[in-house]
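Every letter in the sequence shown is one number past the one before it in numbering that gives the first Met the number 0, and letter 117, counting from 1, is 116.
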Amino acid sequence: MSRRPRILVTLDLGESLRKGVPFPNVNLKLAYVRAVEKAGGTPLLVAPTEDRAVIDELIGLLDGLVITGGAFDIDPARYGQSVRGRIDQPLPLRTNFEWALTEAAMADMKPVLGICGGMQLLNVITGGTLIQDVGAEVPGALPHEQATSPALADHPVQLVPGCPLAQWVGAGELSVNTTHHQAVDRLGQGLEVWGRAPDGVIEAIGHRDHPLWVGVQWHPELLADRASDALYGHLVTSASRVISAR
């Protein structure tokens, strides 16, 4: 029997207080783990590091990659801009770590799923730019930081007819949650739009030649519906093909 695909899932950086003393920590919503498991993969949770030897070991382990979201932004300097409005605290350690993993996965033709900020990273890595603050820069923008629980859908996403994502989920429109204040602006090289919100904000992207590289602006693992299962299922199925091709 072939083994289950190993899916690296990136951890977020945070800080907790114990008796008034701050301690750095790493964290992750359990829903990411369960989504990968449900799809048939083995999730390996990986914390940001600067140690190149460790990064190289992780790259050797991965069959697929999930770049998770978090309450931070990519430094605009990474896409050739200066700060011009709201920017949540950058986390250069995390960005550098996820950048290295993503570049390696793409070079090895392994599947990548970017979630929320992970989709934005995928776009920046391929040479694209970001809208630094949707509310300030998109006329008539929807509130993309919903006031309700992110376990509930908040707005629709219209998928591009015939795009790979529409084929995987078997639908032309999805109902999604929304917890972001930035979004994809100019697309990275080789990427194309697969879905938009009603206000025109890009909500899904993929690579035109390699549909194993996908980004969505919402959190499918928190919705746990058929379309979300199909998205994680595509990731794990693609990773299985990577194993079989060796």
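Don't be surprised by glycine CBs; every beta carbon is placed ideally from N, CA and C.
Query	Result
When Gly13, Thr94, Ile73 are compared against Asp87, the one with the closest alpha-carbon	Ile73
His206: first and last residue of the uninterrupted beta strand (DSSP E) it sits in	201-206
Separation of Gly232 from Glu102, as counted between CA atoms	22 Å
Nearest candidate by alpha-carbon position, reference Thr125, set Val137, Gln145, Thr178, Trp212	Trp212
8 Å Cβ shell around Glu144 - same chain, five flanking residues per side excluded	Thr177, Thr178, His179, His180
Start-to-end residues for the alpha helix (DSSP H) that takes in Ser81	Unbroken run through Ser81: none, as it is neither H nor E.
DSSP state of His233 mapped onto helix, strand, coil	helix
Cβ pair Ala104, Leu61 closer than 8 Å	yes
Beta bridge counterpart(s) of Arg17 as assigned by DSSP	Val20
Straight-line gap, Arg3 to Gly19 (C-alpha atoms, nearest Å)	43 Å
Residue burial classification, Phe22 (beta-carbon count within 10 angstroms, cutoff 16)	exposed
Identity of the residues DSSP links to Glu154 by a beta bridge	The sequence given here places His at residue 154; Glu does not occur at that position. In the DSSP output, where bridge partners are listed per residue, His154 has Val175.
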